[in-house]
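Trainee: If you scroll down you'll find the structure; I have some questions about it.
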Amino acid sequence: METQCLSYKRYAVIVASGSGKRMGLELPKQFLLLEDKPILLHTIEAVHNADKDCEIVLVLNKDYISYWQKIVEQYKIEIKHRVVCGGSERFYSVKNAIESIEDECEDAVLVAVHDGVRPFCKDVFLPCFKLAEEKGNAVCAVKSIDSVRLVENDCSKAIDRNFVYMVQTPQCFKLSSLKKAYQQEYKTAFTDDASVVESIGEKINICEGDRKNIKITTPLDMEIAKLCYER
């Protein structure tokens, strides 16, 4: 799929404002080295290589903006991007980013929200944008390969795994939809951007994801990422 197939203006909001507590390290996971480069740098490069016309908005914890600037200088990063301060929750980080995007025709602008610790996203970015252009939004996801059960009130029941998808990022939406959705108050049920947009009545469309498009959140994920990188 070629970039010129898409007529909408495109942004990628890369959310990298987490603290990385699940890694058990002082340094946030997005800055850990994977094959001699920070994970976040791998992610930015993957997004840029997937769609060089996409404008990148990077969301960082305010305490690590200067740290990122040192990385930019150290690795001589020339990929154009701008930095926005993150919030206390992912919801507020995304909100800050989309509020920084100003365009007169918001219905003709697509925004892909992506996790800064998903560096193997290159193959899914353009297909996700393309589906969002056709249907208004698109969320990358892969079918569950495990048996799944729903647990409620101390009871569990089997669910047909053919109807269960594991959600990834990027998640692409029209800028107008995102701005409308993020005007509401934060709820703990908002676990991703799709859940926020869905809450205002929009139907969410699934775009085929990639099992290699993992989110690096634990030491085991890092070991898997090393294997993915080698391939």
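Just so we're aligned, residue 1 is where the sequence shown starts under this note's numbering, counting upward by one.
Virtual Cβ for every residue (Gly too), placed ideally from N, Cα, C.
Taking only runs of the alpha helix (DSSP H) that begin and end inside the segment 105-184, which ones reach a length of at least 4 residues, in chain order?
Mentor: Taking only runs of at least 4 residues, the alpha helix (DSSP H) segments lying wholly in the segment 105-184 are 122-135 and 175-181.
Trainee: In three-state terms, what does DSSP make of K62?
Mentor: The answer is helix: DSSP assigns K62 an H, G or I state.
Trainee: Applying the 10 Å Cβ sphere with the 16-neighbour rule, what's the burial state of P170?
Mentor: Counting Cβ neighbours within 10 Å, P170 comes out buried, since at least 16 surround it.
Trainee: Using 10 angstroms around the beta-carbon of Q4, count the other beta-carbons present and answer buried if the total reaches 16, otherwise exposed.
Mentor: Its pLDDT being 45, under 50, Q4 is placed unreliably by the model, and nothing is read from it.
Trainee: Identify whether K70 lies in helix, strand or coil by the three-state DSSP scheme.
Mentor: In the structure shown, K70 sits in a helix (DSSP, three-state: H, G or I).
Trainee: Name the DSSP bridge partner or partners of P38?
Mentor: Paired residue(s): L33.
Trainee: Measuring CA to CA, which of N213, V13, L27 and K122 is closest to M166?
Mentor: The shortest Cα separation from M166 among N213, V13, L27 and K122 belongs to N213.
Trainee: Rounded to the nearest angstrom, what separates M1 and K130 at their Cα positions?
Mentor: Any reading at M1 must be qualified, since the residue scores a pLDDT of 41, below 50, and its modelled position is unreliable; no value is offered.
Trainee: Taking its Cβ as the centre, do 16 or more other Cβ atoms sit within 10 Å of G209, making it buried, or is it exposed?
Mentor: Buried, because 16 or more other Cβ atoms sit within 10 Å of the Cβ of G209.
Trainee: Could you check whether N205 and A138 sit closer than 7 Å to each other, using their CB atoms as the reference points?
Mentor: For A138 and N205, yes; Cβs fall inside 7 Å.
Trainee: State the DSSP-derived secondary structure class of R82, mapped to helix, strand or coil.
Mentor: Residue state, collapsed to three classes: strand.
Trainee: In the DSSP assignment, what residue or residues form a beta bridge with K9?
Mentor: Answer is V109.
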